[in-house]
Each structure stands twice: as structure tokens, then as C-alpha cells.
Amino acid sequence: MIFGLPFDGWAWKLERSYNHNVFSPAQGPAQGQNISMEGLIEYRNIKKFIVDNNNNATNVLIDHKYPIAYTHCDNTWIAYESEESITAKIAKVKINLAMLGYFVSNIAAHDDHDSLSKAASREWRKSYGYYWW
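Residues in the sequence shown are numbered consecutively from 19, following the numbering used here.
Structure, rendered in C-alpha cells:
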């Protein structure tokens with residue numbers, strides 16, 4: 019089995035800005051700069067959203083109950099993979115010996131530092147010491 023990791027996230031418009039946990043009610047996809055009509059947002063634009071809203075945004079690098087990262091500002095809520103959530107997921111799936119590796123989707127959405135790829139590679143090599151390619 020191969021494990022998949024997305025390099026983009028999904029933006030939602032919350033019903034109430036104060037109710038912003040995982041599975042909080044939403045009205046549908048959020049609208050905004052660099053967010054598609056369906057709510058898709060690339061990782062590099064998620065990082066930009068966090069920086070642009072630095073004084074108002076809350077960023078959760080990993081929700082330990084549901085191992086995802088999310089950020090929110092006002093009524094916009096974005097779920098995504100962070101370095102921390104990717105590291106946690108790869109550590110977890112390595113326990114299952116049926117996992118042969120991982121792949122990423124939408125590599126074009128990556129940031130300028132390849133931070134998600136590097137985090138995934140570091141965690142995978144901790145036990146195995148090599149790459150699969």
C-alpha cells in the first residue's frame with residue numbers, strides 16, 4: 019500500500035467564527051484570494067494566508083485528535099497538511115508493514131523551501147534509511 023499526502027488544503031466559510039474546531043458547521047467553500055470556487059487552496063497560499071492575517075489568524079499545526087493542521091481567521095477556516103501533521107502521519111503508517119511508501123499530490127502547490135517534502139522524507143528515512151526512488 020502507498021500513502022498519499024496532499025500539498026493543498028480546503029477552505030470553508032464557518033457558520034460562526036467562534037466555532038472553529040474540526041467538523042465545525044460551515045456554509046460551504048470559503049471565497050478569497052488564491053482560493054478556488056470549490057475551496058481548494060495551495061500550500062504556498064495557505065502560508066501566505068497565515069502571514070497576511072498574522073494578527074488575526076489562529077494556526078493549529080496539528081490537531082492531535084484528527085491529525086491535520088488548520089488555520090482560521092474570521093469566518094475562513096482552512097484544513098491542510100503541515101510539517102507536523104505529515105511527520106505524525108508517516109510515523110503512524112510506518113508501523114503498518116504493508117506500507118511501501120508515500121506519494122504527494124499537487125507538488126506544484128508546494129512552498130519555495132520544499133518544507134513538506136523535506137519533513138516527509140526525514141520521517142520516512144528515520145527507520146528505513148533510504149528513499150524508494
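C-beta atoms are modelled at their ideal positions from N, C-alpha and C, and glycine is treated no differently. For clarity, every value in this text was computed on a predicted model and none was experimentally measured.
Pick out the complete alpha helix (DSSP H) segments inside the stretch 19-48, 4 residues or longer, and give them in chain order.
none
Under 8 angstroms Cβ to Cβ from alanine 138, same chain only, skipping five residues before and after it: list those, please.
Leu23, Ile104, Thr105, Ile108, Tyr120, Val122
Run through the DSSP bridge pairs and tell me what asparagine 77 is partnered with.
Thr89
Between the C-alpha atoms of glycine 46 and glutamate 102, what's the straight-line distance to the nearest angstrom?
Taking the straight line from one Cα to the other gives about 27 angstroms.
The alpha helix (DSSP H) spanning glutamate 101 covers which residue range?
101-112
Give the DSSP bridge partners of tryptophan 95, in chain order.
Trp30, His90
Distance, alanine 48 Cα to cysteine 91 Cα:
If I take the Cα positions, the gap works out to 11 angstroms.
Cα-Cα, which of Glu99, Lys110, Ile113 is closest to serine 133?
Looking at the Cα atoms, Glu99 is the closest of the given residues.
Since glycine 57 sits in a beta bridge, which residues does DSSP pair it with?
Answer by DSSP bridge pairing: none, since glycine 57 is not bridged.
Going by alpha carbons, who is nearest to lysine 31 out of Ala126, Thr89, Asp130?
Cα-wise, what sits closest to lysine 31 is Thr89.
Identify which residue in Ile86, Lys144, Lys136 has its Cα closest to the Cα of glycine 27.
Ile86
Between the beta-carbon of isoleucine 59 and the beta-carbon of isoleucine 53, is there less than 8 angstroms?
yes
Identity of the residues DSSP links to phenylalanine 121 by a beta bridge
In the DSSP assignment, the residues bridged to phenylalanine 121 are Gly22.
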